[in-house]
Amino acid sequence: MIRGRCQDVGVSILTDYFAAGSDRLAATAAEYVHGQLSLLDLAPEKAAANKHLHRVSPEQASRPRVETAHSGTLVLQSKGVDPGLALARLEAILTGRTHDEVCADPRQAAQIAPARPEDIDGRVVLSVTDTLRDALASAEVSALPRVARQWAIAESANDAEESLALFLIALTDLARRAGGRAERLYCCVTF
């Protein structure tokens, strides 16, 4: 269930954070394409290599990392990192903005696709703010462990500090690479 900006998306979710040059292109990530690779799908050979990595080194394979989809789209696959509430908390930590200021940003978890809420059928594309993208892109690598610790506390998930730190490193990489390509960040939520 999608409840709106700065709220928990709810249900068990898979989240693909990605970079795209426009809302229109990002919206295509919500489309199911039969017989063809979609915007966020890895090339078959890359998917096979990832399966092999899961067999030989499950720990390494499960670490969040930015990959390039068959379409050329930069993608960070993750599970359960909510693009609404969790990213709002992260943005507040990184920027010093209040939670209310973050939530007032019209791009904070705004629904990009499908166009109408009643058309949601298992997938939705939400925007990530440019403020968060820019804060991540300019963050000092040495500051990320401290930010992850603060984020874990804000999420009331002290036991998740390490996993949040790994995700934060990968999201920072995505933000830096997106900025270099003049792209915005998005999240495709599959539930």
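If you want the numbering used here, it's the 1-based position in the sequence shown plus 189.
For every residue, glycine included, the Cβ atom is placed at its ideal position computed from N, Cα and C.
Check: Ordered along the chain, which non-local residues of its own chain (more than five positions away) have a Cβ less than 8 Å from that of residue 346?; Outcome: 353
Check: Can residue 257 and residue 207 be called in contact, C-beta distance under 8 Å?; Outcome: no
Check: So, at 7 Å on beta carbons, what are the nonlocal neighbours of residue 287 in its own chain, with the 5 sequence-adjacent residues on each side left out?; Outcome: 281
Check: Do residue 350 and residue 337 have their beta-carbon atoms positioned less than 8 Å apart in this structure?; Outcome: yes
Check: Write down the C-beta distance between residue 373 and residue 312 rounded to the nearest angstrom, noting that I regard them as a contact closer than 8 Å.; Outcome: The Cβ separation is near 19 Å, so there is no contact.
Check: Could you spell out where the beta strand (DSSP E) holding residue 205 opens and where it closes?; Outcome: 203-209
Check: Drop a sphere of 10 angstroms on the beta-carbon of residue 211, count the other beta-carbons inside from all chains shown, and report buried for 16 or more, exposed for fewer.; Outcome: exposed
Check: Cα separation between residue 361 and residue 330?; Outcome: 9 Å
Check: Spatial neighbours of residue 204 within its chain, please: C-beta separation below 6 Å, excluding the five flanking residues on both sides.; Outcome: 267, 270, 376 and 378
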